[in-house]
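Count along the sequence shown starting at 1, add 178, and that's the number in this note's numbering.
Report on the following structure.
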Amino acid sequence: MEKLTGLKKIKTAVFISGTGSNLNNIIKFSKTKKSPISINLIFSNTSKAKGLRYAEEFKIKKKIFNFENVNIAEKKILTLLEKQKIKFICLAGFMKILSKKFIKKFDGIIINIHPSLLPKYKGLNTHNRAIKNKDKFSGCTVHYVTEKLDSGIVILQKKIKIAAKDNSVSLAKKVLKLEHKLYPAAIKKIFT
Ligand code: GRF
179 MEKLTGLKKI KTAVFISGTG SNLNNIIKFS KTKKSPISIN LIFSNTSKAK GLRYAEEFKI
239 KKKIFNFENV NIAEKKILTL LEKQKIKFIC LAGFMKILSK KFIKKFDGII INIHPSLLPK
299 YKGLNTHNRA IKNKDKFSGC TVHYVTEKLD SGIVILQKKI KIAAKDNSVS LAKKVLKLEH
359 KLYPAAIKKI FT
């Protein structure tokens, strides 16, 4: 793991597929003095990702790759990552599964945020499942990405109470707010 040296920030790529509120939040964090990382590249698997607007807003290089052929997409991504000297990857609402080969290459330097208290509710529809099961708590987790979906070592986790009146939409909103605190905290934890 690369440690912080002087004022040099670790060049980071963020992968998204959707709204990009975590991306926006990470970019803002990256511009603060306390951030160990800078955001230098944004990847999306779809041009429809609303979050791509943050590439324009913050003048960050963006690339869209169609993941119909994962091999081809990953090869192109790898080339760009090397060219841009990217040393760290944050997945933030990225809805495609990266290959084992790709993940192995970035072992220990690729992380993800997941909207549940892992190991509970790996995969999709986490808020629905928590409500359905009448859970008392939900939350979010930042973890290292490994070959097994949502199963890598946990870096940080934060929980909140589920209110009796909560539904999956209100819970998602609450958890997302929490995610915006957790992701920068997890990044700081890794590098300091
Ligand atoms: C977040 O809830 C994240 O945990 C999950 O996908 C959602 C992405 O939201 N993996 P956004 O695109 O960052 O707003």
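For each residue, glycine too, the CB sits at the ideal point set by N, CA and C.
Looking only at I255, I368, N249, I250, the smallest Cα-Cα distance to K240 is reached by I255. If you look at Y361, you'll find it in the alpha helix (DSSP H) that goes 346–369. In the displayed model, T190 falls within a strand according to three-state DSSP. For Y299, there is no enclosing beta strand (DSSP E), since its DSSP letter is neither H nor E.
Counting the other Cβ atoms within 10 Å of the Cβ of G286 gives fewer than 16, which makes it exposed. Judged by DSSP in its simplified three-state form, S195 adopts coil rather than helix or strand. Distance from the CA of K367 to the CA of I333, rounded to the nearest whole angstrom, comes to 8 Å.
If only uninterrupted beta strand (DSSP E) runs of at least 3 residues are considered, those enclosed by the segment 300–342 are 315–322, 332–339. Rounded to the nearest angstrom, the gap between the Cα atoms of K187 and L327 is 29 Å. Annotation for L354 indicates a beta carbon within 7 Å of some heavy atom of the ligand GRF.
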